[in-house]
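Enquirer: Residue numbering for the sequence shown is 1 to 269, as defined by the UniProt record's numbering. Built from N, CA and C at the ideal position, the CB exists for glycine as well.
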Amino acid sequence: MGSDPEFELQDKIPEIRFLGLDTSPVITNTYTDNGGTDGSIFNYTAFNKSSITANFITHFSDWRNFQGIKNRVYQLFDNRQSIRLRTDVQPNMVMYVHSNSFDIKVTENGSLDSLFSIVFDNPTGYKYSSLRTDEMDDIFDDYPLGYNIPIQDADDYLTANSSINILNGGDVKIDPYYQHHDLKIKIHYSGPQLSIFNHTNGSNWTINKLLIKSDTVLIDGINTYVNNELATDSTDYNTLSLDVGQNNIAIGGSSDFDVTFSFPYVFLD
Numbered sequence: 001m002g003s004d005p006e007f008e009l010q011d012k013i014p015e016i017r018f019l020g021l022d023t024s025p026v027i028t029n030t031y032t033d034n035g036g037t038d039g040s041i042f043n044y045t046a047f048n049k050s051s052i053t054a055n056f057i058t059h060f061s062d063w064r065n066f067q068g069i070k071n072r073v074y075q076l077f078d079n080r081q082s083i084r085l086r087t088d089v090q091p092n093m094v095m096y097v098h099s100n101s102f103d104i105k106v107t108e109n110g111s112l113d114s115l116f117s118i119v120f121d122n123p124t125g126y127k128y129s130s131l132r133t134d135e136m137d138d139i140f141d142d143y144p145l146g147y148n149i150p151i152q153d154a155d156d157y158l159t160a161n162s163s164i165n166i167l168n169g170g171d172v173k174i175d176p177y178y179q180h181h182d183l184k185i186k187i188h189y190s191g192p193q194l195s196i197f198n199h200t201n202g203s204n205w206t207i208n209k210l211l212i213k214s215d216t217v218l219i220d221g222i223n224t225y226v227n228n229e230l231a232t233d234s235t236d237y238n239t240l241s242l243d244v245g246q247n248n249i250a251i252g253g254s255s256d257f258d259v260t261f262s263f264p265y266v267f268l269d
């Protein structure tokens with residue numbers, strides 16, 4: 001909840017049992033219609049806000065017990081905060097959602113059971129890897145074989161060499177400029193300049209600033225910081241992006257540097 005540490009739902013409310021999630025990506029195609037012309041012209045596809053339904057069951061001893069359970073459920077989920085959801089079916093993925101209004105009713109008159117559902121809004125429409133690339137251990141161990149993600153760990157996103165292959169193991173291109181995706185690149189270098197070029201998609205970035213190795217450069221989306229001070233005006237104002245799959249990255253302008261790529265994988269389902 002918000003920025004609070006993760007917890008097991010049954011640790012908070014032991015009487016309820018989680019039955020599963022129902023979710024699907026929402027894909028919207030946009031077209032232009034021309035009067036007097038058959039058909040439409042395709043413009044673009046967007047992944048839009050989606051709805052996620054979480055299903056639960058609870059058993060109670062009497063009406064007073066039922067009211068107490070309801071109160072705790074509403075207190076937990078109706079809190080006006082973003083909720084980070086993670087399940088044991090996809091323990092490597094999380095969603096950031098907001099709850100909607102929901103009812104908790106008995107299954108039938110006289111019953112001591114209640115089946116209820118909570119519908120959450122997922123504003124981005126995405127799922128994210130639970131860890132960032134520079135925090136992961138063995139990525140291959142974290143994902144089912146069907147995801148076709150090769151063996152990787154955090155060291156594969158750190159380099160002091162002039163070239164590196166960076167894996168974007170998600171379903172979506174990491175694009176901080178157009179899609180506001182989360183991409184952080186941490187840099188230390190010695191010299192007047194450093195450039196990063198993605199040969200896979202042509203995106204690139206250059207900073208022209210005399211620095212020593214103990215200085216810290218952070219590319220955070222479309223902005224650049226040096227020692228926590230905004231320094232985008234020392235760059236060429238370009239933005240790096242990462243295609244799905246392997247990205248062939250070249251680094252130049254300095255012979256003494258280290259670069260770390262930090263981002264969550266972005267999934268559609």
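Would you kindly work out how many angstroms separate the C-alpha atoms of threonine 124 and aspartate 236, rounded to a whole number?
Expert: The residue given as residue 124 occupies position 124 in the sequence shown. The residue given as residue 236 occupies position 236 in the sequence shown. Straight across, the Cα-Cα distance linking threonine 124 with aspartate 236 is about 29 Å.
Enquirer: Suppose you measure from the CA of leucine 158 to the CA of isoleucine 174; what does that come to, to the nearest Å?
Expert: As a first step, residue 158 is located in the sequence shown; it is residue number 158 there, counting from the start. As a first step, residue 174 is located in the sequence shown; it is residue number 174 there, counting from the start. Rounded to whole angstroms, leucine 158 to isoleucine 174 spans 18 Å at the Cα level.
Enquirer: Should tyrosine 265 be labelled buried (16 or more other beta-carbon atoms within 10 Å of its own) or exposed?
Expert: Numbered from its first residue, the sequence shown carries residue 265 at position 265. It counts as buried.
Enquirer: Have a look at asparagine 247 and asparagine 201 and give me their C-alpha separation to the nearest angstrom.
Expert: What you label residue 247 is simply residue 247 of the sequence shown in a count that begins at 1. What you label residue 201 is simply residue 201 of the sequence shown in a count that begins at 1. Taking the straight line from one Cα to the other gives about 8 Å.
Enquirer: Does the pairing of the stretch 39-51 with the stretch 75-86 give three or more beta-carbon distances under 8 Å?
Expert: no
Enquirer: Ends of the beta strand (DSSP E) at residue 280?
Expert: Past the edges of the chain, shown from 1 to 269, lies residue 280, and the structure says nothing about it.
Enquirer: Quick check on DSSP: helix, strand or coil for aspartate 171?
Expert: Working through the sequence shown from its first residue, we reach residue 171 at position 171. The answer is coil: DSSP assigns aspartate 171 none of H, G, I, E or B.
Enquirer: For the candidate residues Asp11, Asp103, Thr107 and Ile249, whose alpha-carbon lies nearest to that of asparagine 204?
Expert: In the sequence shown, residue 204 corresponds to position 204, counting from 1. For the residues Asp11, Asp103, Thr107 and Ile249, the minimum Cα distance to asparagine 204 belongs to Ile249.
Enquirer: Look up tyrosine 265 in the DSSP assignment and say whether it is helix, strand or coil.
Expert: As a first step, residue 265 is located in the sequence shown; it is residue number 265 there, counting from the start. DSSP places tyrosine 265 in coil when its eight states are reduced to three.
Enquirer: What do you reckon, are the CB atoms on phenylalanine 102 and valine 89 nearer than 9 Å?
Expert: In the sequence shown, the residue the question calls residue 102 occupies position 102. In the sequence shown, the residue the question calls residue 89 occupies position 89. Going by C-beta atoms, phenylalanine 102 is not nearer than 9 Å to valine 89.
Enquirer: Residues in its own chain within less than 6 Å of threonine 23 by CB, not counting five upstream and five downstream?
Expert: To locate residue 23, count along the sequence shown from 1; it is residue 23. Taken in chain order, the residues that qualify are Ile52.
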